[in-house]
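Okay, structure first, notes after.
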Amino acid sequence: MGNALTKEMHEEDMELILSMGANSIRLAHYQHDQYFYDLCDEKGIVVWAEIPYITVHMPSGRENTIRQMKELIAQNYNHTSIICWAISNEISLQGVTEDLLENHRILNDLIHEMDPSRVSAMANLFMLETDSPLVTLPDIRGYNLYYGWYVGEMEDNDAWFDKFHEEHPDVVIGLTEYGADSTIKLQSPKPEKGDYTESYEAVYHEHMLEMLAKRPYIWGSYVWNMFEFAAAGRDEAGDPGKNHKGLITFDRKVKKDAYYIYKAWWSEDPFVHICGRRYHDRIEETTEIKVYANAPEVKLYVDDKEFGTVASDNHVFRFSVPISGTHKLYTSAVIDGVEHAEISDTMEVVKVSEPNPEYFVSADKVRNWFDETEIAEEDGYFSLNSTMGEISANPKGKALLDQMMAVMTAKTAGGMGEGVKVSKEMHAIVARQPLKRLLGQVGIDLESDAAKQLNAALNQIKK
């Protein structure tokens, strides 16, 4: 069906969203079907609506953006679910010019002229400086942050918001996009950033939900994305043509584990969910059995024998279980000291001697958790194990990195990376990353000739 959905499909999507406990939807980057706006009105969902003014500002496109905004407001003004009209998304990729600012001022004024009852909004690129005039231009401020996936670590999200709040204590800020890609066939007992496993996506969202809960000045957040969706330019993790950040698969048949950590935080309907059911064949002697639930305690049974009861204040319950063969797992909710068999879940795990090849893909598609690449090193010289900061502090190292970045930029679609402006915070995060990690994040296999040649060149530069 592609993006042409039936009413029944829209209803299914809405039911999945409501079941998770969400109360707001960012209908991103373009107009959506009127029937879905109707469903949002009916179900009491808070909606962020926006025009397709995305990534790169085009001076010749000003009149088109004005027409798009006029049509968005005129066509959807009476939908009670809509609270804001969003001007653009990640528009500062190639920098903030006076023409871009003027375009945004015109759209912002147009919104207030056509609809004084609602506010304007924007989703900013994570590289945009927080003191940019673009940040304070709309009524609602938000940033798209992907620390812990594309760059940096999960904890960098915490640091970013803490710094923003320290510098702007009277300003509330939103997290308008965040997420990590995963495919349900990829599983790991040691999930790491960039491995595309369902396991890492779950760990990432566990962290993000705790981070959000601790910061009341964050007015709201929007996971990117509720569902996997078509993306013709992507070829990742052996499943081309999709963006895999969805909490639910493209066909809506499988709710990934990450879906249930949101349900645990947001839904009032009692439930328990055992994670890792697609990680059926396990090579470790002692495995982690992780449960998501919105009960205060969870009890686990292994092969019909009580294993233990765990309490948690973050909806994540962990058990370390020795395994030796095929084991049946059963877990139930414990509320006020009473076990509730009607709130339960089951699954099976099997101890195996070798990793299941179905849980990984070839090295040119994604790094596997059990397969570390050897990096050739020379004492006193740089290598791919060196950080970007270490290399760039050396004049010869910086020249080599500049040459590498020029080649990588030229290879991006339409040279889109050219002219990208990077904030001080972003520079600091990139500087502490090993070069090998950054190469992996842009899809360069460390076993490739290009990576080996780059490492050989670094081996010739003395620290």
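For the sequence shown, position 323 matches number 1082 in the numbering used here, and the numbering has no gaps at all.
Built from N, CA and C at the ideal position, the CB exists for glycine as well.
How close, in whole Å, do the beta carbons of residue i and residue j come, if the pair is a contact with beta carbons under 8 Å?
i	j	result
Leu945	Ala996	6 Å
Ile804	Asn782	7 Å
Val1080	Thr1045	7 Å
Tyr796	Lys766	At roughly 13 Å, the Cβ-Cβ gap does not stay under 8 Å, so Tyr796 and Lys766 are not in contact.
Met828	Ile810	5 Å
Gly1084	Lys1058	At roughly 22 Å, the Cβ-Cβ gap does not stay under 8 Å, so Gly1084 and Lys1058 are not in contact.
Leu1217	Leu1159	7 Å
Is the Cβ-Cβ distance between residue i and residue j less than 8 Å?
i	j	result
Thr824	Asn862	yes
Lys700	Asp940	Absent from the model: residue 700. The displayed extent of the chain is 760 to 1222, so no value can be given.
Thr935	Tyr981	yes
Ile899	Ala880	yes
Asn903	Glu969	no
Asp1062	His1086	yes
Gly979	Gly933	yes
Ile1007	Phe986	yes
Pro948	Arg1041	yes
Arg1011	Glu771	yes
Asn1144	Lys1195	yes
Val806	Ser851	no
Determine the burial state of residue i: buried for a count of at least 16 other Cβ atoms within 10 Å of its Cβ, exposed for fewer.
i	result
Asp915	buried
Leu1213	buried
Pro975	exposed
Asp890	exposed
Pro897	buried
Val1097	exposed
Met1175	Low per-residue confidence applies at Met1175: pLDDT is 46, beneath 50, and the placement is therefore not dependable, though the value from the model is reported in the following sentence. Answer is exposed; the Cβ neighbour count stays below 16.
Ser763	Note that residue 763 corresponds to Ala in the displayed sequence, not to Ser. It counts as exposed.
Val1093	buried
Ala845	buried
Glu1027	exposed
Met913	buried
Asp868	exposed
Ala1233	Since the displayed the chain opens at 760 and closes at 1222, residue 1233 lies outside it and no answer follows.
First and last residue of the alpha helix (DSSP H) that includes residue i?
i	result
Leu884	Element bounds for Leu884: not the alpha helix (DSSP H) but the beta strand (DSSP E), Val878 to Leu884.
His769	Lys766 to Met779
Phe920	Glu914 to Glu926
Lys1211	Asp1208 to Leu1217
Go to residue i, then tell me how far its beta strand (DSSP E) extends in each direction, as first and last residue.
i	result
Ile1033	Val1031 to Ile1033
Ile1048	Thr1045 to Ala1052
Thr1060	The sequence given here places Tyr at residue 1060; Thr does not occur at that position. Segment Glu1056 to Val1061, the beta strand (DSSP E) holding Tyr1060.
Ala1017	Where Ala1017 is concerned, there is no enclosing beta strand (DSSP E), although the alpha helix (DSSP H) it sits in stretches over Asp1016 to Trp1025.
Glu1065	Lys1064 to Ala1070
Should residue i be listed as close to the ligand FAD, given that the test is whether its C-beta is under 7 Å from any heavy atom?
i	result
Ser1079	Among the components modelled here there is no ligand, and therefore nothing to report on the ligand FAD.
For the region 929-978, which segments carrying the alpha helix (DSSP H) assignment without a break, of at least 4 residues, lie completely within its bounds, in sequence order? For the region 929-978, the continuous alpha helix (DSSP H) assignments of 4+ residues that do not extend past its boundaries occur at 957-972, in sequence order.
Segments of 4+ residues assigned as alpha helix (DSSP H) that fall wholly inside the region 839-908: Runs of the alpha helix (DSSP H) inside the region 839-908: 857-873 and 892-895.
Inside the region 786-844 only - beta strand (DSSP E) runs reaching at least 3 residues: Runs of the beta strand (DSSP E) inside the region 786-844: 805-809.
At which residue ranges does the region 1081-1153 contain complete alpha helix (DSSP H) runs of 4 or more residues, listed in the order of the chain? If we require 4 residues or more, the alpha helix (DSSP H) runs fully inside the region 1081-1153 come out as 1147-1151.
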